[in-house]
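Everything on this sheet refers to the single structure shown next.
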Amino acid sequence: MMMLKRDKKEEEEGGGNPFNNLEKSTVLQETRTFNETPINPRKCGHILTKLLYVINQGENIGANEATEAFFAMTKLFQSKDPILRRLMYMGIKDMSKIANDVIIVTSSLMKDMTGKEDQFRGPAIRALCSITDTSMLQSIERYMKQAIVDKVPGVSSAALTSSLHLSKTSQDVTKRWVNEAQEAVNSDNIMVQYHALGLLYHIRRNDKLAVTKLVSKFSKHTLKSPYAYCLLIRIATKLIEEEDAGSGSPMFDFIESCLRHKSEMVIYEAAQAIVQLKNTTAKDLAPAVSVLQLFCSSPKPTLRFAAVRTLNKVAMKHPAAVTACNLDLENLITDVNRSIATLAITTLLKTGSETSVDRLMKQISTFMSEISDEFKIVVVQAIRSLCAKFPRKHSVLMNFLASMLRDEGGFDYKKEIVDCIIATIEENPEAKEAGLAHLCEFIEDCEHTVLATKILHLLGREGPRTPTPSKYIRFIYNRVILENAAVRAAAVSAIAKFGGHCEELLQSCVVLLERCEMDTDDEVRDRATFYVNVLKQQQRNLSSAYILNGLTVSVVGLERALYSVLEHGLKHVCCTGLTVSVVGLERALHQYTLEPSESPFDMKTVPLATQPLADQKVRETPGLAGDVGKPEKSAATRQDLYAEQLAAVPELANVGALFKSSQPLEITESETEYYVQCIKHTFSNYMVFQFDCTNTLNDQVLDRVTVDMEAADGFEVVKQIPCPSLPYNKPGSTYTLVHLPEDPTSVTGTFPCTLKFVVRDCDPNTGEPDDDGYEDEYVLEDVEVTVADHVQKVMKPNFAASWEEVGPENELEDTYALSSMSTLEEAIKNIIQYLGLQPCERSDKVPEGKSSHTLYLAGIYRGGHDALVRAKLALDTSGVTMQLTVRSTDPSVSEVLATAIA
Amino acid sequence: MGFFDTLAQWLGVKKREVNVLVVGLDNSGKTTIINHFKPHDSKNHDIVPTVGFNVERFTSKALAFTAFDMSGQGRYRNLWEHYYRECHGVIFVIDSSDKLRMVVAKDELDLLLQHSDLKNRRIPILFFANKMDLRESVSSVKCSSLMGLDQIRDKPWHICASNAVTGEGLSEGVDWLTDQIKDLIESKKK
């Protein structure tokens, strides 16, 4: 005791941890002191504490050293000193998994657990259970049963919790202790009752009927312990969730009745359970919410916090239910505890009406400076959802965000605000000017390079299209003078975009860029020189290709690839503004350098960068984060993986570079005997169908698996590459190579497919197949080749520039009546799906209440031809009317796309 | 050991504490012998096979004994050696009615005597030829010849016939052990 006191004192005085510089080996050496007779409890206690500290710091102790220390420790059983003894029990528990022969202390512990000293009995039980394995459990079973029903609560609780731990490994033995646990549930001690219920539930956990009985039994006969009640509520909630039962279930009645319990803990648990249930109506929620409402005015801060936190969560799902509490939440806004106040305000923001927004924003701004960054982020997320909900309130919200930007704050906080502003600008065109102005102000004094470059990029994209682009240039050029190299480079690119887009600013931009040509940084200088030269040409298509819709490959990757080309003395690199994947480019260049060829290198042979699927994904509602999966990060690399996979098949080596791979398509039901997925790979003149097959029958092995395809008009099946063997549950791939029709306009078709194979029966257990098999086949669903398979999505940030660049040479125009569509959104979704093109400039979103809309789509057609589509849509009573204009660098491509919709 | 402890011992108020190790084959009666020395109210009525070891305390006329009552079961016998180093004396219990396993006991004894922690120490060994009341039991003389005790030359030893259930012969043996340990401690001091 003295030792501990002194330690505490030292800690207070020195502030340092007395055990900070412990060495594992010295401590282990010191354990030899335990062997001395007679035992010095004070000294040994201190050493043992050090040993426990070392073990709990996660130090790895070897089995031999640990065993030696453990046996030294067993000598301490001589001592009667209570503190030393209890430390020793802890030591035994902690070392039970690392030392050998820990069984040696069994009898000694058994003696202690049945002994007179109550203080030793509980810890002895815990230590005993940790050293006992399943085979030895039989011998202590009798004592455990006695301990569970012991009248000393500490002993009983120790036995119950230890049994719970034991049942992880020896469920069968602990199952036999049900009767004792039953008896312990009737104990008067609240902790024993709770632990006993826990053990009972654990034993019966897998038997649903028994659990139901358990709950209904104890919900009728009153338990004393509020902890046990909370546990019972949790069990009941789980049952309701498993059964998918709504408020009709008797379990729900029980939970509801707990709302009237006298313990606050139970009431809160019940309310929380009801609120989190899935199938609840507003009527079911009402009593729970009113209980939480009561808690909101409780004098205890913990209760207020719990209530408002739960209400905050409910507000996501059932904002209407929470409106009843608005008055109480308003009172909490001024709470002295800032966490409570923040949660209250964000809850109100979620539930409040448009009119209350102004007042709440004013209120929250009074204490923004007092809360931590973490809660500030919560506030920003709430504002973000408000911006989406009430677009008309953008000016208030924007001003608020701007003032938040001016305040002190960490990177995460600032990033959240900038993201929020950017999202608002993109969603709401009206907010654009104000948002850009705030961001301009922010970069004047921004210490985060990442944020500054992000904002500069945004300014370059959005600024030129505002009514007064010139006012942004000052802000951007200031960056060139004041900032570090990365920001300067971003600023140069942004200025060039202004010059490329706005005729009247061209001259001034060129002057500004020329000044940057003397920059100290290579990257900045290079960019400036490049842009000045392009801009001086004064050709729209050039600036469109190189400045406005520049390459979307990483500059580094391209540079490296080009460098390797130049190294080989090949200077004919024909590079057009394509969106290429870096990996693909590198591979193509590599191949090119390997084959001595006189023809110029053509960028069109390089695979395109796949447009990430999550591109336009609207940010999930804040607060729900965590259960929303990450956006498909691998989208860009998926195709590179396929390309590698296909390149490994020797028969497919000469089909050229992979243009596009489709998403896997299921052509069987997933529960059938054979499960087949099809992936369509498009090459410039061929298509490869990859069939990923899985054999779900464990008594069969399939050999020589192929997929027989009936070729549609003009298509020709060239080759089938069988999968040699398909054992149970191991996926394998078979390929079918199809030559595309010579006629460039016939590109679609339907292919009926049949899976053909040789079956060999096998023993399900050993997997040993019979020698001879028989041929069999299995009909699959048809595989369709659509226009979308020939088109790769490409994002053109400035559609108009590309539209002019391609020119009206191969333009086709037609008007369609889409009578089956009833809304513009539906029509847009279908058009995108048919054509497989990328919507540009967020034109896939229709502003609310508009009856006409223009959709811009861009992509690359197989063979590397640009393809641009402008669809003017109008909604009237008979459906949607569409005027479709297609421009492309190849006449047949225009024809294919124009007819795709029909 | 503090000053007061030394003083108390010198005055004879507090007895000197020594450790003894109680070993022997399983079912030879080790725990029962120790149980006999315990004060009446803490006596255990049902003796079960020991797993590992038990620490018990008892006093004789001049010493306070801390007895490490080891388990005699085959798989735990190799754990005895962890306690050799600190003991001042060994009590080896033999089941004198179990002639068959007398050789096993002898083997264990030889291993004990050869152990590096005991080999060069002159620690006293007390043998109890236990269960002398049984009809098939052999005499202590026969027992000592079966165990080859006459081969032990470097350690003081003593054998006495005992009956742990009634306590017959036990105090005689412990008195001998007390004298030996006392002598040993005296001679060390000189």
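Protein sequences appear in the order of chains A and B.
Take 1 as the starting number for the first sequence in UniProt numbering and just add one per residue.
Take 1 as the starting number for the second sequence in UniProt numbering and just add one per residue.
Just so you know, even glycine gets a beta-carbon here, dropped at the ideal spot from N, CA and C.
Do we get a CB-CB distance below 7 Å when we pair Thr66 (chain B) with the residues of chain A? Start at 1 with the first residue of the second sequence, and residue 66 (chain B) comes out as number 66. Closer than 7 Å to some Cβ of chain A, the Cβ of Thr66 (chain B) qualifies, so yes.
Shortest alpha-carbon distance to Asn21 (chain A) belongs to which of A:Thr33, A:Val54, A:Asp358? Against the first sequence, residue 21 (chain A) aligns to sequence position 21. Across the set A:Thr33, A:Val54, A:Asp358, the C-alpha of A:Val54 shows the shortest separation from the C-alpha of Asn21 (chain A).
What does DSSP give as the partner residues of Gly89 (chain B) in its beta bridges? Residue 89 (chain B) sits at position 89 when you count from the first residue of the second sequence. Answer is B:Val20.
Of the residues that make up the region 57-81 of chain A, which ones have a beta carbon closer than 8 Å to any beta carbon in chain E? Note that chain E does not occur in the displayed structure, where the protein chains are A and B.
So that I know if they touch, is there some Cβ in chain B lying closer than 7 Å to that of Ile39 (chain A)? By one-based count along the first sequence, residue 39 (chain A) stands at place 39. Judged by the 7 Å Cβ criterion, Ile39 (chain A) is not in contact with chain B.
Verify the CB distance criterion: does Asp133 (chain A) have a CB-CB separation below 7 Å to chain B? If you number the first sequence from 1, residue 133 (chain A) lands on position 133. No, no contact with chain B.
Round the Cβ separation of Asn337 (chain A) and Pro301 (chain A) to the nearest angstrom and send it over; I've been treating them as touching at under 8 Å. Stepping through the first sequence from its first residue, residue 337 (chain A) is reached at position 337. Stepping through the first sequence from its first residue, residue 301 (chain A) is reached at position 301. Right, the Cβ-Cβ distance comes to about 5 Å (below 8 Å), so this counts as a contact.
Give the straight-line distance between the Cα atoms of Ala270 (chain A) and Cys258 (chain A), rounded to the nearest whole angstrom. The residue labelled residue 270 (chain A) in the question sits at position 270 within the first sequence. The residue labelled residue 258 (chain A) in the question sits at position 258 within the first sequence. So the two alpha carbons sit approximately 6 Å from each other.
Supposed contact pair Phe34 (chain A) and Ala72 (chain A) - C-beta distance, whole angstroms, cut 8 Å: Here residue 72 (chain A) corresponds to residue number 72 of the first sequence, with the count starting at 1. Here residue 34 (chain A) corresponds to residue number 34 of the first sequence, with the count starting at 1. Rounded to the nearest angstrom, the Cβ distance from Ala72 (chain A) to Phe34 (chain A) is 4 Å, consistent with a contact under 8 Å.
Alpha-carbon spacing of Ile383 (chain A) relative to Leu343 (chain A), whole angstroms: In the first sequence, counting from the first residue as 1, residue 383 (chain A) sits at position 383. In the first sequence, counting from the first residue as 1, residue 343 (chain A) sits at position 343. Their Cα atoms are separated by approximately 13 Å.
Endpoints, the beta strand (DSSP E) within which Met144 (chain A) is located: Taking the first residue of the first sequence as 1, we reach residue 144 (chain A) at position 144. Note, Met144 (chain A): premise wrong, no beta strand (DSSP E); alpha helix (DSSP H) at 134-148.
Residues of chain B with CB under 9 Å from Lys97 (chain A), in chain order? The residue given as residue 97 (chain A) occupies position 97 in the first sequence. Within 9 Å of the CB of Lys97 (chain A), no CB atom of chain B is found; the nearest one sits about 17 Å away.
In chain order, what residues of the region 95-129 of chain A put their CB closer than 7 Å to some CB of chain B? Hits within the stretch, in order: Asp101, Ile103, Ile104, Val105, Thr106, Ser107, Ser108, Lys111.
Mind reading off the beta-carbon distance from Ala181 (chain A) to Ile148 (chain A)? Whole number of angstroms is fine, and I expect it under 8 Å. Counted from its first residue, the first sequence places residue 181 (chain A) at position 181. Counted from its first residue, the first sequence places residue 148 (chain A) at position 148. 6 Å between Cβ atoms; contact.
Cβ-based burial, Leu884 (chain A) [other Cβ within 10 Å; buried from 16]: Reading the first sequence from its first residue, position 884 is the one you call residue 884 (chain A). So Leu884 (chain A) counts as buried.
Determine, using beta carbons only, whether Asn695 (chain A) comes closer than 7 Å to chain B. One-based indexing of the first sequence puts residue 695 (chain A) at position 695. Closer than 7 Å: no.
Using 7 Å as the threshold, is the C-beta distance between Thr134 (chain A) and Thr106 (chain A) below it? Taking the first sequence and counting its residues from 1, the one referred to as residue 134 (chain A) is at position 134. Taking the first sequence and counting its residues from 1, the one referred to as residue 106 (chain A) is at position 106. No, they are not a contact pair.
Sub-7 Å separation of Leu112 (chain B) and His158 (chain B) beta-carbons: By one-based count along the second sequence, residue 112 (chain B) stands at place 112. By one-based count along the second sequence, residue 158 (chain B) stands at place 158. It is not a contact, given that the beta carbons lie outside the stated cut-off.
At a cut-off of 6 Å, would you count Cys420 (chain A) as near the ligand SAH, judging by its Cβ distance to the nearest heavy atom? In terms of ligand content, the structure shown is empty, and the ligand SAH therefore cannot be addressed.
With a cut-off of 7 Å, does the C-beta of Leu79 (chain B) fall near any C-beta of chain A? Stepping through the second sequence from its first residue, residue 79 (chain B) is reached at position 79. Output row for Leu79 (chain B): interface = yes.
Are the C-beta atoms of Glu56 (chain B) and some chain A residue less than 7 Å apart? Residue 56 (chain B) sits at position 56 when you count from the first residue of the second sequence. Taking Cβ atoms only, chain A never reaches closer than 7 Å to Glu56 (chain B), which makes this a no.
Considering Phe689 (chain A), what are the terminal residues of the beta strand (DSSP E) in which it resides? Indexing the first sequence from 1 puts residue 689 (chain A) at position 689. Counted as a single uninterrupted DSSP element, the beta strand (DSSP E) harbouring Phe689 (chain A) occupies residues 686-695.
Any C-beta of chain A sitting closer than 7 Å to the C-beta of Asn35 (chain B)? For the purposes of this step, residue 35 (chain B) is taken as residue 35 along the second sequence, with counting starting at 1. So no, Asn35 (chain B) is outside the interface.
What is the DSSP secondary structure of Ser140 (chain B), reduced to helix, strand or coil? For the purposes of this step, residue 140 (chain B) is taken as residue 140 along the second sequence, with counting starting at 1. Looking at Ser140 (chain B) - three-state DSSP - the assignment turns out to be helix.
Cα separation between Pro891 (chain A) and His790 (chain A)? Along the first sequence, read from residue 1 onward, the residue named residue 891 (chain A) stands at position 891. Along the first sequence, read from residue 1 onward, the residue named residue 790 (chain A) stands at position 790. Spanning the two alpha carbons is a distance of roughly 15 Å.
Lys719 (chain A) - containing beta strand (DSSP E), residue span: For the purposes of this step, residue 719 (chain A) is taken as residue 719 along the first sequence, with counting starting at 1. Per DSSP, Lys719 (chain A) belongs to the beta strand (DSSP E) from 716-721.
Pick from A:Val701, A:Val738, A:Pro727, A:Gln700: whose alpha carbon is nearest that of Ala711 (chain A)? As a first step, residue 711 (chain A) must be located in the first sequence, where it is residue number 711. Taking only the C-alpha atoms, the option nearest Ala711 (chain A) is A:Val738.
Taking residue 905 (chain A) as the query, report the chain B residues whose CB atoms sit under 8 Å from its CB, ordered along the chain. The requested residue 905 (chain A) is not part of the displayed model; chain A covers only 1 to 902.
Apart from the five residues on each side of it in sequence, which residues of its chain come closer than 6 Å, Cβ to Cβ, to Thr351 (chain A)? Here residue 351 (chain A) refers to the residue found at position 351 of the first sequence. So the list reads Ala315, Pro319, Val322, Thr323, once near-sequence residues are dropped.
Only counting the same chain, and skipping five residues up and downstream in sequence, which positions put a Cβ closer than 8 Å to that of Glu354 (chain A)? By 1-based counting over the first sequence, the position of residue 354 (chain A) is 354. Take Glu354 (chain A), set aside five residues on each side of it, and the residues of its chain with a beta-carbon closer than 8 Å to its own are Phe390, Arg392, Lys393, in chain order.
Count the other C-beta atoms from every protein chain shown that fall within 10 angstroms of the C-beta of His82 (chain B), then say buried if there are 16 or more, exposed otherwise. Translated into positions along the second sequence, residue 82 (chain B) becomes position 82. Counting the other CB atoms within 10 Å of its CB gives His82 (chain B) a total of 16 or more, which places it among the buried residues.
Could you check what DSSP says for Phe757 (chain A) in three-state terms: helix, strand or coil? On the first sequence, residue 757 (chain A) is found 757 positions in, with the first residue counted as 1. Taken through DSSP and simplified to helix, strand or coil, Phe757 (chain A) comes out as strand.
Just the C-alpha distance for Ser843 (chain A) and Tyr856 (chain A), rounded to the nearest angstrom, thanks. Start at 1 with the first residue of the first sequence, and residue 843 (chain A) comes out as number 843. Start at 1 with the first residue of the first sequence, and residue 856 (chain A) comes out as number 856. The alpha-carbon of Ser843 (chain A) is positioned some 6 Å away from that of Tyr856 (chain A).
Would you mind reading off the limits of the alpha helix (DSSP H) that contains Gly460 (chain A)? Residue mapping note: residue 460 (chain A) aligns to position 460 of the first sequence, counting from 1. First-last of the alpha helix (DSSP H) with Gly460 (chain A): 449-462.
If we ignore side chains and look at the alpha-carbon of each, how far apart do Val893 (chain A) and His865 (chain A) end up? As a first step, residue 893 (chain A) is located in the first sequence; it is residue number 893 there, counting from the start. As a first step, residue 865 (chain A) is located in the first sequence; it is residue number 865 there, counting from the start. In a straight line, the C-alpha of Val893 (chain A) is about 8 Å away from that of His865 (chain A).
Can you pull the chain A residues whose beta carbon is under 8 Å from the beta carbon of Ser60 (chain B), in chain order? As a first step, residue 60 (chain B) is located in the second sequence; it is residue number 60 there, counting from the start. Per Cβ cutoff of 8 Å: no residues; Ser60 (chain B) is ~16 Å from chain A at best.
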